[in-house]
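Each remark here refers to the structure printed beneath this line.
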Amino acid sequence: MPEHRPPRWADYLLEKFVNPRFLEDIQGNLEEIFLRRVQEAGPAQARREYAWAAMRHLTPYFTKKSPRPYPTVSNLSPAMLHHYFTYAWRHFAKNRQFTFLNAVGLTTGLICTLLIYLWITDERTFDKFHDKDARLYQVMVHEKGGDRLVTSEGTGGILRVFLPRDMPEVEMAVCTTPPVWFQKFSLSLGGQAHGGRTVSAAGNFVSSDYFKAFSFPLIQGNAQSVLTDKNTVVISERMASRLFGSPEKAMNQLVEWKWQAFSRQCQVTGVFRDQPRNSSEQSELLIPLSAWDDILPQGSMPNTATGPFHNYLVLRPGADAHLLEAKLAGYAKKHFNDPNATLFIRKYSDKYLYGTYENGVQSGGRIEYVKLFGAIAVFILLIACINFMNLSTAKASVRVKEVGVKKALGAGRLTLVFQFLGESILMSFVTLLIALGVVWLILPYFNTLTNKQLTLHFGGQFIAALAVILLLTGLLSGSYPALYLSRFNPALTLKGKLLHGMGELWVRKGLVVFQFAVSVIFIISVVVVYKQIDYVQAKNPGYEKDNIVYFEMEGRAATQTDAFLAGLKTVPGVVNASSIQQKIVLPAFMPSAGVRWDGKNEKDEIRFYKMPVNYGLTETLGIPMVAGRSFSKDFGSDSTAVILNETAIRQMGITDPIGKQIMVDGRKTRIVGVARDFHFNSLHEIIKPFIFKLSPQETMLATVKIQAGEVPATVARIQAFYASFNPGYAFDYDFLDRDYQIQYASEKLVAQLARYFAVLAILISCLGLFGLAAFTAERRRKEIGVRKVLGATTGSVVAMLSREFLVLVAVAIAIGCPLAWWLTHRWLDHFAYRATIGAGIFAGAGLVTIVITLATISFQSVRAALTNPTQSLKSE
37 MPEHRPPRWA
47 DYLLEKFVNP
57 RFLEDIQGNL
67 EEIFLRRVQE
77 AGPAQARREY
87 AWAAMRHLTP
97 YFTKKSPRPY
107 PTVSNLSPAM
117 LHHYFTYAWR
127 HFAKNRQFTF
137 LNAVGLTTGL
147 ICTLLIYLWI
157 TDERTFDKFH
167 DKDARLYQVM
177 VHEKGGDRLV
187 TSEGTGGILR
197 VFLPRDMPEV
207 EMAVCTTPPV
217 WFQKFSLSLG
227 GQAHGGRTVS
237 AAGNFVSSDY
247 FKAFSFPLIQ
257 GNAQSVLTDK
267 NTVVISERMA
277 SRLFGSPEKA
287 MNQLVEWKWQ
297 AFSRQCQVTG
307 VFRDQPRNSS
317 EQSELLIPLS
327 AWDDILPQGS
337 MPNTATGPFH
347 NYLVLRPGAD
357 AHLLEAKLAG
367 YAKKHFNDPN
377 ATLFIRKYSD
387 KYLYGTYENG
397 VQSGGRIEYV
407 KLFGAIAVFI
417 LLIACINFMN
427 LSTAKASVRV
437 KEVGVKKALG
447 AGRLTLVFQF
457 LGESILMSFV
467 TLLIALGVVW
477 LILPYFNTLT
487 NKQLTLHFGG
497 QFIAALAVIL
507 LLTGLLSGSY
517 PALYLSRFNP
527 ALTLKGKLLH
537 GMGELWVRKG
547 LVVFQFAVSV
557 IFIISVVVVY
567 KQIDYVQAKN
577 PGYEKDNIVY
587 FEMEGRAATQ
597 TDAFLAGLKT
607 VPGVVNASSI
617 QQKIVLPAFM
627 PSAGVRWDGK
637 NEKDEIRFYK
647 MPVNYGLTET
657 LGIPMVAGRS
667 FSKDFGSDST
677 AVILNETAIR
687 QMGITDPIGK
697 QIMVDGRKTR
707 IVGVARDFHF
717 NSLHEIIKPF
727 IFKLSPQETM
737 LATVKIQAGE
747 VPATVARIQA
757 FYASFNPGYA
767 FDYDFLDRDY
777 QIQYASEKLV
787 AQLARYFAVL
797 AILISCLGLF
807 GLAAFTAERR
817 RKEIGVRKVL
827 GATTGSVVAM
837 LSREFLVLVA
847 VAIAIGCPLA
857 WWLTHRWLDH
867 FAYRATIGAG
877 IFAGAGLVTI
887 VITLATISFQ
897 SVRAALTNPT
907 QSLKSE
């Protein structure tokens with residue numbers, strides 16, 4: 037007779053859900069009924085009744101679990117959290133050396149991280165405060181220059197009219213003149229040229245929708261109308277207070293702005309709040325662009341896609357920027373018959389960080405330094421966390437019995453993991469508080485170093501960042517020790533046995549190698565950066581940059597330039613004086629086309645930088661001639677003369693240039709001299725073709741060579757002469773060597789910050805090494821005692837203890853040097869002219885690292901070697 041069984045799935049439901057107290061009775065009763073019903077009604081009916089009866093028992097009464105005699109407590113319950121932190125605090129108080137080393141290391145790492153976080157946050161917020169930031173774009177242009185594309189911000193002013201008309205995606209367009217055109221404006225009260233108060237102001241010409249597109253709040257005035265009349269101006273809050281005492285008193289007052297030979301009396305129709313420091317625009321005076329149209333014949337409206345003007349677009353809500361960019365790609369060719377220009381748009385707030393283009397492709401900018409310092413912060417914090425890991429695992433022998441006892445009493449591994457993580461998070465919390473206090477104290481000095489105004493503002497974003505830093509630091513530093521310590525076998529640990537696996541040993545050694553490899557990279561990088569900066573400082577730019585002062589010529593100085601320069605040369609202390617259109621130190625940009633010779637360069641494959649200058653400019657700047665002569669009033673034909681640099685002659689392929697005729701901007705000119713190549717761009721750029729044009733009427737800046745050692749007194753005398761020759765105009769001057777240095781401001785900042793952070797990284801690594809040396813000496817105390825009893829000398833013991841760490845540092849040097857070579861050469865690739873980096877730098881960095889290592893571990897090694905062996909062996 038076959039054996040009949042109840043449905044398996046019904047039994048599974050009972051076993052899964054029914055309280056074990058009732059399960060045996062329920063299953064027994066149901067099986068008796070099942071067997072009886074098999075005889076009475078058949079197997080199929082019996083199975084159906086069994087299943088139905090089983091399901092009827094799935095009620096709360098039968099399924100409710102009985103309380104355990106010893107209820108479990110969650111590892112994250114308030115009671116357990118209190119226990120974790122209380123125990124951690126006691127552990128730190130008991131192990132003071134361990135606590136001190138970890139606290140100093142983590143605090144130092146967090147200080148660096150917080151300072152870099154504040155700096156990066158400020159960098160990333162540049163120009164992002166505008167309400168229309170998501171829709172605010174700048175029109176840019178790629179121009180073909182030979183076989184390359186050169187990217188420029190300069191576009192035609194007419195685009196502000198055409199683009200809103202032709203592109204439905206564009207809500208409004210704003211046009212401005214380039215701010216670099218204007219060193220300063222003179223601003224006088226009430227148009228009083230004599231005796232009136234005159235101040236200098238950073239200014240620009242902007243179109244009427246400027247305040248509608250950009251979020252520079254108006255304290256006084258209406259954004260819709262403040263810039264509609266060319267006889268009006270808008271000034272900053274600071275300028276209003278300076279001139280009139282308050283923004284309210286400035287309204288409707290008359291002022292006269294002056295720039296070079298141009299001036300206009302205007303009414304103040306608006307006052308805007310001072311532009312924040314994280315704004316690319318820094319103006320005190322805004323003049324309607326329509327006033328610029330009165331200065332130049334074509335004004336801001338030449339019918340070209342390219343030009344010097346800056347055009348900005350506000351897109352309509354929901355407009356597709358990619359679609360607009362696709363339309364702009366052929367716009368210059370279609371509307372302006374310019375096949376060499378390709379218009380495109382870039383987010384306005386990206387210009388500060390992403391301002392570098394290579395062959396038409398965005399290739400970096402200040403964002404590279406943001407990434408660099410972000411990586412530095414990560415690595416320094418990681419080094420500090422590694423200290424905690426190494427010191428915690430090195431002390432494992434001290435805590436094995438503690439782990440064994442807790443496990444024997446029923447503590448699970450998860451409980452121990454939470455305990456050790458609690459220790460690391462508590463340490464991170466305390467050190468974060470200390471780090472915040474230190475940052476608050478040193479922030480003014482950091483601001484001076486970085487030229488910023490950073491503050492500790494405890495807003496939502498900053499508090500969230502602190503929470504993330506705290507958790508990451510705590511979890512990262514405590515994760516490996518927690519997992520390592522919690523895995524010990526209680527049976528072995530209670531006997532005092534601790535098995536050190538090869539994996540654990542290699543991990544600890546690997547972490548030490550990582551720390552010192554990073555330190556080696558820091559040392560080499562700092563040396564290379566400083567070597568390049570020294571090279572930049574020492575390299576002759578090809579002109580005399582010292583004791584050269586320049587300033588804009590305005591008023592009579594602009595209209596009577598010859599008389600002004602003649603009078604300037606009579607000022608005691610002035611060696612020579614001339615004038616030039618722009619600063620000789622130029623930013624890298626796409627030079628204009630229009631140079632032809634012998635039927636060549638018809639497609640402008642070679643572009644030339646062109647600079648209108650006055651007589652005596654090359655002599656004033658000390659630019660030597662390698663052929664021919666400089667401009668001279670002794671030659672009446674010099675009105676059509678030009679001087680080219682060596683690079684221009686070389687690229688033109690001219691073998692006998694003196695007297696050669698070339699066409700410059702449609703005008704026939706004659707080469708009278710060849711100037712030795714000089715660096716009119718920074719050393720990031722190769723020297724490009726350059727033309728000096730004799731055109732005194734186009735010059736704007738007076739350039740004065742001053743006797744060495746007489747600079748302050750001579751500048752004061754120049755200022756007095758300027759005031760007498762040109763009353764009612766502000767005298768604002770600058771030095772050529774300062775402009776030269778500004779080109780490398782970012783590199784100098786990198787060098788200074790990297791130096792400090794490198795020292796801190798090495799300090800943190802040495803703290804960890806000091807602690808490891810102490811625990812290694814303690815662990816090998818009895819071995820050292822035996823060796824000394826057997827005749828080992830103090831020197832041999834010191835060598836034995838030092839050898840292990842020196843091997844690790846040697847490995848770190850072997851890893852760090854190639855990585856440092858690769859990183860530093862990538863950085864140096866940004867310079868067309870750079871210092872030679874020899875093997876001596878890498879050897880010196882390795883030697884310094886070894887010396888630092890020996891100095892760090894020698895104290896512990898010598899101390900252990902000098903210990904009386906009877907003290908370490910008496911317990912045996």
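Quick note: this note's numbering has the sequence shown finishing at residue 912, numbered continuously throughout.
Backbone N, C-alpha and C define an ideal beta-carbon position, used for all residues, glycine too.
How big is the Cα-Cα spacing for T597 and P732? For T597 and P732, the distance between alpha carbons rounds to 8 Å.
Assigned exposure category for G831 - 16 Cβ within 10 Å defines buried: Classified as exposed, G831 has fewer than 16 neighbouring CB atoms from the shown chains inside 10 Å of its CB.
From the DSSP output, in three-state form, read off H230 for me. Legend: pLDDT at H230 = 37, less than 50; position of this residue unreliable, value from coordinates given subsequently. DSSP places H230 in coil when its eight states are reduced to three.
Using DSSP with H/G/I as helix, E/B as strand and the rest coil, what is G192? Look at G192 here: in three-state DSSP terms it is coil, with no helix or strand label.
Among all the DSSP beta bridges, which residues are the ones paired with D183? The beta-bridge partner set that DSSP reports for D183 is empty.
Can you tell which of C148, N583 and M208 has the C-alpha that lies nearest to the C-alpha of V175? Ranked by Cα distance from V175, the options C148, N583 and M208 are led by M208.
Determine the direct distance from the alpha carbon of H371 to that of L492, and round the result to whole angstroms. The C-alpha of L492 lies about 52 Å from the C-alpha of H371.
Extent of the continuous beta strand (DSSP E) run through H1: In this structure the chain extends from 37 to 912, so residue 1 is not present and cannot be described.
Let me see if you follow: with CB-CB separation under 7 Å, is F757 close to chain B or not? Looking at the structure shown, chain B is missing, and only one protein chain is on hand.
Inspect the CB distances between the stretch 321 to 330 and the stretch 259 to 271 and report whether three or more fall short of 8 Å. Contact holds: three or more Cβ-Cβ distances are below 8 Å.
Residue interval of the alpha helix (DSSP H) (run including P283): P283 to A286 is the span of the alpha helix (DSSP H), which, as asked, contains P283.
Within 10 Å of its beta-carbon, does P480 have 16 or more other beta-carbons around it, so buried, or fewer, so exposed? Classification of P480: exposed, given that the 10 Å Cβ count is below 16.
Please name the residue or residues paired with F726 in a DSSP beta bridge. F726 pairs with Y645.
Taking DSSP as the reference, what is the three-state secondary structure of T212? Note: T212 maps to strand in three-state DSSP.
Could you check whether the stretch 740 to 748 touches the stretch 601 to 612, counting it as contact only if at least three pairs of C-beta atoms, one from each stretch, sit closer than 8 Å? Pairwise C-beta distances place the stretch 740 to 748 in contact with the stretch 601 to 612, as three or more of them are shorter than 8 Å.
Which listed residue (L150, V206 and L511) has its alpha carbon closest to that of M463: M463 has its Cα closest to that of L511, out of L150, V206 and L511.
Under DSSP, the beta strand (DSSP E) around S299 begins and ends at which residues? Start and end: F298 to F308.
Cβ-based burial, Q551 [other Cβ within 10 Å; buried from 16]: Looking at its Cβ environment, which holds 16 or more other Cβ atoms inside 10 Å, Q551 is buried.
Any 3 or more C-beta pairs closer than 8 Å across the stretch 121 to 137 and the stretch 384 to 391: Counting Cβ pairs under 8 Å, fewer than three are found: no touch.
Between Y173 and L349, how many whole angstroms is the CB-CB distance? I'm expecting something under 8 Å. Going by Cβ atoms, the distance from Y173 to L349 rounds to 5 Å, so yes, they are a contact pair.
In terms of DSSP beta bridges, what is K383 paired with? Answer is Y173, bridged to K383.
Taking the CB atoms as reference points, tell me whether A766 and T234 lie closer together than 7 Å. Their beta carbons are under 7 Å apart, which means A766 touches T234 by this criterion.
Cβ pair A629, I679 closer than 7 Å: Against a cut-off of 7 Å, the Cβ pair of I679 and A629 comes out as no contact.
Proximity of A879 and I560 at Cβ, strictly below 7 Å: Going by C-beta atoms, A879 is not nearer than 7 Å to I560.
Using CA coordinates, which residue listed in T467, P204 and L468 is at the minimum distance from A357? A check of alpha carbon separations from A357 across T467, P204 and L468 identifies P204 as the nearest.
Taking only three categories from DSSP, how would you classify D865? Coil, per DSSP.
Kindly indicate the opening and closing residues of the alpha helix (DSSP H) around F221. Unbroken run through F221 is the beta strand (DSSP E), F221 to L225; no alpha helix (DSSP H).
So, are the CB atoms of L508 and N426 less than 7 Å apart? At least 7 Å separates the beta-carbon of L508 from that of N426.
I need the DSSP call for E292, collapsed to helix, strand or coil. If DSSP states are grouped into helix, strand and coil, E292 belongs with the strands.
Close beta carbons around W295, own chain, < 7 Å, minus the five adjacent residues each side: Same-chain partners within the cutoff: F218, F221 and E590.
In or out: R44 buried (at least 16 other Cβ within 10 Å) or exposed? R44 sits exposed, since fewer than 16 C-beta atoms from the chains shown fall within 10 Å of its C-beta.
Tell me which residue opens and which closes the alpha helix (DSSP H) that L457 is part of. Looking at the DSSP string, the run of the alpha helix (DSSP H) that includes L457 is R449 to T486.
Can you tell me which of T656, H715 and S675 puts its alpha carbon nearest to the alpha carbon of T683? The shortest C-alpha separation from T683 is found at H715.
Specify whether the stretch 797 to 806 and the stretch 554 to 571 touch according to this definition: at least 3 beta carbon pairs, one from each stretch, less than 8 Å apart. The stretch 797 to 806 vs the stretch 554 to 571: in contact.
Check the C-beta distance from L457 over to A518 and give it rounded, since I have them as a contact under 8 Å. Right, their Cβ atoms sit about 5 Å apart.
Identify which residue in T161, I616 and L321 has its Cα closest to the Cα of V304. Selected option, being the one with the closest Cα: L321.
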